[in-house]
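One structure is given here, and the rest of the page talks about it.
In my numbering, the protein residues as written are 6 to 172.
Dropping the structure here:
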């Protein structure tokens, strides 16, 4: 397929390739239902490790990606709802065991869709909102505080120009 924006080709390829490896934020947001989550932030280096930081969110990033974007540049993290995992543990233990992979949020809405559900939540300490796709085993209630795993290998980063920051 060909993805166009304002009459210009953004990316050409098989749908699965565009889905897994979008060349820019436009393609990432265009391909896929539900749409990709986007959060604005910056890269920071702490104790020799690279992190994406935004409000109450801190997610590990590869050092290669950090090298390809200035620390002061605004970047966008993109992650698909199905790649986020609701963590059943509601205490700080999960965050301590997986620093840079777990974020805390408050549930705003739960859409029950049959076999799956969409859990909408805001990130603690910020105005950022995200959505996770989940099974129906144990769904949180509106207002509940949840821990959400953000697998570093499944996130995408986009520079201020919208282009993918490649590793």
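In this text, a Cβ means the ideal position worked out from N, Cα and C, and glycines have one as well.
Residue nearest to residue i in terms of C-alpha spacing, selected from the options
i           : options          : result
residue 134 : 140, 28, 125     : 125
residue 160 : 40, 88, 123      : 88
residue 25  : 84, 50, 44       : 84
residue 40  : 106, 143, 58, 27 : 27
residue 142 : 163, 162, 119    : 119
residue 139 : 107, 86, 171, 16 : 86
residue 114 : 123, 6, 33       : 123
residue 44  : 12, 127, 171, 53 : 127
residue 107 : 10, 57, 17       : 57
residue 22  : 54, 11, 6, 163   : 6
residue 36  : 18, 55, 12       : 18
residue 20  : 51, 163, 38      : 38
residue 33  : 10, 46, 52       : 10
Whether residue i touches residue j by CB criterion (8 Å)
i           : j           : result
residue 137 : residue 91  : yes
residue 150 : residue 109 : yes
residue 112 : residue 153 : no
residue 31  : residue 80  : no
residue 66  : residue 156 : no
residue 61  : residue 116 : no
residue 42  : residue 167 : no
residue 131 : residue 78  : no
residue 46  : residue 55  : no
Under the three-state DSSP convention, the category residue i falls into
i          : result
residue 89 : coil
residue 14 : strand
residue 32 : helix
residue 25 : helix
residue 19 : coil
Neighbour flag for residue i against chain B, beta carbons, 8 Å
i          : result
residue 65 : No chain B is present in this structure, which holds just one protein chain.
Residue(s) in a DSSP beta bridge with residue i
i          : result
residue 64 : 57
residue 78 : Answer by DSSP bridge pairing: none, since residue 78 is not bridged.
residue 46 : 80
residue 38 : According to DSSP, residue 38 bridges with nothing at all.
residue 51 : 54
residue 8  : 16
Any non-hydrogen atom of the ligand NAD closer than 7 Å to residue i Cβ
i          : result
residue 57 : Within the structure as shown, the ligand NAD is missing, as the structure has no ligands at all.
Could you give the uninterrupted runs of the beta strand (DSSP E) lying entirely in the region 102-157, keeping only those of 3 residues or more?
-> 107-117, 122-128, 134-139, 150-154
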